[in-house]
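A.B. asks:
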Amino acid sequence: DQQVKQNSPSLSVQEGRISILNCDYTNSMFDYFLWYKKYPAEGPTFLISISSIKDKNEDGRFTVFLNKSAKHLSLHIVPSQPGDSAVYFCAASANNAGNMLTFGGGTRLMVKP
Amino acid sequence: EADIYQTPRYLVIGTGKKITLECSQTMGHDKMYWYQQDPGMELHLIHYSYGVNSTEKGDLSSESTVSRIRTEHFPLTLESARPSHTSQYLCASSAFKGKGTEAFFGQGTRLTVV
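In order, the protein sequence lines correspond to chains R and H. Using the working numbering, you'd call the opening residue of the first sequence number 8 and step up by one each time. Using the working numbering, you'd call the opening residue of the second sequence number 469 and step up by one each time.
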């Protein structure tokens, strides 16, 4: 049973436009959410996170939105750049579960010049 | 920049061989993890540790074993490698940070068993 789902395996966006990556979760105990970026043959790198007490967190071109009632979060990248092309993983953790991270399946973002 | 290192980066090995994948971190993190990822698939947690002498199995069953004798070191061992073990293995570590946990990953080991 997948507790964190990224239903879009891939997304293609034109340079300069907005990229929106979506993530859904089923475990209501999750209280911390993260986005990681992964290039081929490398480990994931942390991008941005959000606590369940917030509904928005912004860091430069990256903004994460959290809708707790819908159990949905999204990552917005604006403006998108070719260097943003990578696989993006959504992850979630629960304080009462030792804060172990549960990952989604990833979304491959391709930003075309 | 994360200070977590995995060796080797790439390994091609024959069936039946014993292998150890190394993972070390210099951040003093108590928690360490091993994830397995097949191409285009999600990351699956196979082992984790809360600290020295603590090891637990993750969500995905794995024939590998781990040890945590020192805080900074979390090696993963396969006693007898098989082609089904071909995958990318990712090590990570984390420290509790406020209400949440940010994990830092190593660069991974791509293992191919022939």
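The C-beta atom is built at its ideal place from N, Cα and C for all residues, glycine as well. Quantities reported herein were computed from a predicted structural model and do not represent experimental measurements.
1. At the level of alpha carbons, what is the spacing between Leu511 of chain H and Gly112 of chain R?
2. For the segment 528 to 544 of chain H, which residues have a CB atom closer than 7 Å to at least one CB atom of chain R, in sequence order?
3. Are the beta-carbon atoms of Leu544 of chain H and Lys486 of chain H separated by less than 8 Å?
4. Thinking C-beta only, is Leu80 of chain R closer than 8 Å to Val20 of chain R?
5. Output needed in chain order: residues of the segment 56 to 72 of chain R with a Cβ under 9 Å from some Cβ in chain H.
6. Count the other C-beta atoms from every protein chain shown that fall within 10 angstroms of the C-beta of Glu524 of chain H, then say buried if there are 16 or more, exposed otherwise.
7. On the premise that Ser56 of chain R lies in contact with Leu73 of chain R, defined as a C-beta separation below 8 Å, what is that separation, rounded to the nearest angstrom?
8. Measuring straight from C-alpha to C-alpha, what distance separates Leu579 of chain H and Ile25 of chain R?
9. So, do the segment 486 to 501 of chain H and the segment 514 to 532 of chain H have three or more beta carbon pairs nearer to each other than 8 Å?
10. Among R:Lys119, R:Thr109, R:Val118 and R:Thr114, which one has its Cα closest to the Cα of Asp38 of chain R?
11. For my contact list, Thr114 of chain R and Leu28 of chain R are in at a C-beta cut-off of 8 Å; report their separation, rounded to the angstrom.
12. Name the DSSP bridge partner or partners of Lys63 of chain R?
13. Please report the distance separating the alpha-carbon of Pro507 of chain H from that of Lys75 of chain R.
14. Should Ile84 of chain R be labelled buried (16 or more other beta-carbon atoms within 10 Å of its own) or exposed?
15. Under 8 Å by Cβ, that's how I've got Phe96 of chain R and Pro47 of chain R pegged, so tell me the actual separation to the nearest angstrom.
C.D. replies: Taking the geometry as given:
1. CA-CA distance, Leu511 of chain H to Gly112 of chain R, rounds to 7 Å.
2. Under the 7 Å Cβ criterion, the segment 528 to 544 of chain H contributes no residue.
3. Cβ atoms of Leu544 of chain H and Lys486 of chain H: not closer than 8 Å.
4. In this structure, Val20 of chain R sits away from Leu80 of chain R, with a CB-CB distance that is not shorter than 8 Å.
5. Residues are counted here when their Cβ sits less than 9 Å from a Cβ of chain H; for the segment 56 to 72 of chain R these are Ser56, Ile57, Ser58, Ser59 and Ile60, given in chain order.
6. The residue in question, Glu524 of chain H, is exposed, as its Cβ has fewer than 16 Cβ neighbours within 10 Å.
7. With a beta-carbon spacing of about 10 Å, Leu73 of chain R and Ser56 of chain R fall beyond the 8 Å limit used to define contacts.
8. A straight line joining the alpha-carbon of Leu579 of chain H with that of Ile25 of chain R spans about 36 Å.
9. Cβ pair count under 8 Å is three or more, so yes.
10. Nearest in C-alpha terms to Asp38 of chain R, of all of R:Lys119, R:Thr109, R:Val118 and R:Thr114, is R:Thr109.
11. Contact between Thr114 of chain R and Leu28 of chain R holds, since their C-beta atoms are separated by about 5 Å, short of 8 Å.
12. The partner list for Lys63 of chain R (beta bridge, DSSP) reads R:Phe72.
13. In a straight line, the C-alpha of Pro507 of chain H is about 31 Å away from that of Lys75 of chain R.
14. So Ile84 of chain R ends up on the buried side.
15. Phe96 of chain R to Pro47 of chain R, Cβ: 14 Å. No contact.
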